[in-house]
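Asker: Heads up, the sequence shown is in the numbering used here, so the first residue is 24 and it goes up one at a time.
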Amino acid sequence: MRLLRFARNDNVVIMVRYFKPETLSEVLSLLADKDTRFPLLAGGTDLIVQWRMGGRWPSGIVDIGALEEIRLIIQRDNVIEIGAAVTHSMLIESHIVRRYCPVLVDACKTVGAVQIQNRGTIGGNIVNASPAGDTPPVLLAFDALVELASLSGRRHIPLREFYLSYRKTALKPDEILTRIIIPKHIPEEKAGFYKIGTRKAQAISKVALCARAKITGGVIDDIAIALGSVAPTVVRAPKTETFLKGKKLDSSIIDEAKTKLSAEVVPIDDIRSTADYRRFVAGGLLGRFLSDIS
Ligand SMILES: Cc1cc2nc3c(=O)[nH]c(=O)nc-3n(C[C@H](O)[C@H](O)[C@H](O)COP(=O)(O)OP(=O)(O)OC[C@H]3O[C@@H](n4cnc5c(N)ncnc54)[C@H](O)[C@@H]3O)c2cc1C
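#1: Return the first residue and the last residue of the alpha helix (DSSP H) that Lys132 is part of.
#2: Alpha carbon to alpha carbon, what distance is there between Lys271 and Thr68?
#3: Please report how far the alpha carbon of Thr297 lies from the alpha carbon of Ile291, in whole angstroms.
#4: Please report the distance separating the alpha-carbon of Arg259 from that of Leu309.
#5: Hey, how far is the Cα of Glu92 from the Cα of Ile180?
#6: Are Val85 and Leu70 close, meaning C-beta to C-beta below 9 Å?
#7: Considering Glu104, what are the terminal residues of the beta strand (DSSP E) in which it resides?
#8: What's the C-alpha gap between Lys132 and Gly147?
#9: Grouping DSSP H, G and I as helix and E and B as strand, with all else coil, what is Ile276?
#10: What separation, rounded to the nearest whole angstrom, lies between the Cα atoms of Ile87 and Gly66?
#11: So which of Gln98, Ala164, Leu194, Lys195 has the shortest CA-CA distance to Phe216?
#12: If contact is defined by three or more beta carbon pairs under 8 Å, each pair taking one atom from either stretch, is the segment 156 to 173 in contact with the segment 239 to 249?
#13: Starting from Asp245 and walking both ways along the beta strand (DSSP E), at which residues does that stretch end?
#14: How is the alpha helix (DSSP H) around Thr110 delimited, first residue to last?
#15: CA-CA distance, Ser117 and Val230?
#16: Give the secondary structure of Pro210 by DSSP, where H, G and I count as helix, E and B as strand, and everything else as coil.
#17: For Arg142, does the three-state DSSP call read helix, strand or coil?
#18: Excluding five sequence neighbours on each side, which residues of the same chain lie with their C-beta closer than 6 Å to the C-beta of Leu182?
#19: Sorry if obvious, but does the Cβ on Glu198 come closer than 8 Å to a heavy atom of ligand 1?
#20: How is Lys18 classed by DSSP in three states: helix, strand or coil?
#21: Below 8 Å on the Cβ atoms is my contact criterion, and I expect Val288 with Val253 to pass it. Report the Cβ-Cβ distance as a whole number of Å.
#22: For a test of the three-state rule: what should DSSP assign to Gly83, helix, strand or coil?
#23: Check whether the Cβ atoms of Pro44 and Leu53 lie closer than 9 Å to each other.
#24: Hey, is Ala164 close to ligand 1, as in C-beta under 8 Å from one of its heavy atoms?
#25: When every heavy atom of ligand 1 is checked, does at least one fall within less than 8 Å of the C-beta of Asn32?
Here it is as structure tokens:
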């Protein structure tokens, strides 16, 4: 443990206890003890910004950014496993992710700029729980599982059960997100990631959509649609998915699906956009995906 000096925005210098454990079991022990249960810092691209913007600085930090055990990308028979401390740049470069979940690469390429991609991690993106995060819609569309670990053991839950409400997750105070498990993309399936922001780079999304679909003879056998920035959490669109299953794709079905999705999402007005615009764009992005795959 070391003591770090930070200058707050009001120029008051504060001392923060800084832990940099070398193993996952050390992290779990720190989290199990209420006296050392400090925020986990991965890349710090959300956390440090939040503290600097006036959030409450903690009296300690547990730095997990360099923890090798959760910086691995592994492929197994039907899934790929991504360690929580894997950065967006590592995902973009990974031949495993490029091959078995290429839309995740597309999403990571839209996160901030290269400096943010080099530091920001997939675990931080998930646990930060912003409805505007770029990787969660992909993981939700792919029915990913998250692995949460504590000294009591490991548990696996679907990402769709991880988000409870606006910025609230199922992560317990003594738990760390260790891995994300994603079913491999199968060649018969088409997938796409689309993001609308104010600019091409350094822009948080106004709306993001990831969809994947299996089509036989022009008919949709199965489809998953996930969206960001249209609700308090990232969400799936079950009504629109049900409507599309078994339908033959043509322009009138695509138009109907766009209208259904615009009606299904419940966005809000905020500084980045209006609810009406977001509804319209969500439908438009689905239309783009359906046109791309038909
Ligand atoms: C200029 C700028 C542009 C950005 N642009 C985008 C963008 O376009 N799209 C986007 O999605 N995001 C964007 N972000 C947000 C941020 O970069 C991402 O969310 C990033 O992935 C966060 O990862 P991190 O490792 O830096 O998280 P950190 O800041 O280290 O942590 C974020 C939260 O997750 C928790 N945490 C981290 N890892 C774990 C773990 N393994 N287990 C449990 N809890 C954990 C931390 O305690 C904290 O609460 C931007 C940020 C900046 C500053």
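Beta carbons: idealized from backbone N, C-alpha and C, even for Gly.
Answerer: Checking against the coordinates, here is how it stands:
#1: Indexing the sequence shown from 1 puts residue 132 at position 109. Annotation for Lys132: the continuous alpha helix (DSSP H) segment containing it runs 125 to 132.
#2: To locate residue 68, count along the sequence shown from 1; it is residue 45. To locate residue 271, count along the sequence shown from 1; it is residue 248. Thr68 and Lys271 have their C-alpha atoms spaced approximately 44 Å apart.
#3: The count along the sequence shown starts at 1 and reaches residue 297 at position 274. The count along the sequence shown starts at 1 and reaches residue 291 at position 268. CA-to-CA, the gap between Thr297 and Ile291 works out to about 6 Å.
#4: Taking the sequence shown and counting its residues from 1, one reaches residue 259 at position 236. Taking the sequence shown and counting its residues from 1, one reaches residue 309 at position 286. Distance between the alpha carbons of Arg259 and Leu309: 12 Å.
#5: What you label residue 92 is simply residue 69 of the sequence shown in a count that begins at 1. What you label residue 180 is simply residue 157 of the sequence shown in a count that begins at 1. Rounded to the nearest angstrom, the two C-alpha atoms are 20 Å apart.
#6: Position 62 of the sequence shown, counting from 1, holds the residue named residue 85. Position 47 of the sequence shown, counting from 1, holds the residue named residue 70. Not a contact, by the Cβ cut-off of 9 Å.
#7: Translated into the one-based positions of the sequence shown, residue 104 becomes position 81. From DSSP, the beta strand (DSSP E) with Glu104 extends over 102 to 106.
#8: Within the sequence shown, the letter at position 109 stands for residue 132. Within the sequence shown, the letter at position 124 stands for residue 147. When rounded, the distance between both Cα atoms is 16 Å.
#9: Numbered from its first residue, the sequence shown carries residue 276 at position 253. Residue state, collapsed to three classes: helix.
#10: Taking the sequence shown and counting its residues from 1, one reaches residue 87 at position 64. Taking the sequence shown and counting its residues from 1, one reaches residue 66 at position 43. So the alpha carbons of these two residues sit roughly 8 Å apart.
#11: For the purposes of this step, residue 216 is taken as residue 193 along the sequence shown, with counting starting at 1. Comparing Cα-Cα distances from Phe216 to each of Gln98, Ala164, Leu194, Lys195, the minimum goes to Ala164.
#12: yes
#13: As a first step, residue 245 must be located in the sequence shown, where it is residue number 222. Bounds of the beta strand (DSSP E) holding Asp245 are 242 to 251.
#14: Here residue 110 refers to the residue found at position 87 of the sequence shown. Where Thr110 is concerned, there is no enclosing alpha helix (DSSP H), given that its DSSP letter is neither H nor E.
#15: By one-based count along the sequence shown, residue 117 stands at place 94. By one-based count along the sequence shown, residue 230 stands at place 207. Looking at the two C-alpha atoms, the distance is approximately 26 Å.
#16: Taking the sequence shown and counting its residues from 1, the one referred to as residue 210 is at position 187. Pro210: coil per DSSP, three-state reduction.
#17: Taking the sequence shown and counting its residues from 1, one reaches residue 142 at position 119. Note: Arg142 maps to helix in three-state DSSP.
#18: Stepping through the sequence shown from its first residue, residue 182 is reached at position 159. Excluding residues within five positions, the ones whose Cβ falls inside 6 Å are Leu162, Leu163, Ala167, Val169.
#19: The sequence position of residue 198 within the sequence shown is 175, counting from 1. Indeed, a heavy atom of ligand 1 lies less than 8 Å from the Cβ.
#20: The structure shown does not extend to residue 18, since the chain is modelled only from 24 to 317, so the question has no answer here.
#21: In the sequence shown, residue 288 corresponds to position 265, counting from 1. In the sequence shown, residue 253 corresponds to position 230, counting from 1. At roughly 4 Å, the Cβ-Cβ gap stays under 8 Å, so Val288 and Val253 are in contact.
#22: Residue numbering aside, residue 83 sits at position 60 when the sequence shown is read from its first letter. Looking at Gly83 - three-state DSSP - the assignment turns out to be strand.
#23: Taking the first residue of the sequence shown as position 1, residue 44 is located at position 21. Taking the first residue of the sequence shown as position 1, residue 53 is located at position 30. Annotated as proximal: Pro44 and Leu53, with beta-carbon spacing under 9 Å.
#24: Sequence index remark: in the sequence shown, residue 164 carries index 141 (1-based). No.
#25: Working through the sequence shown from its first residue, we reach residue 32 at position 9. No; taking the cut-off as 8 Å, the Cβ of Asn32 has no heavy atom of ligand 1 nearer than that.
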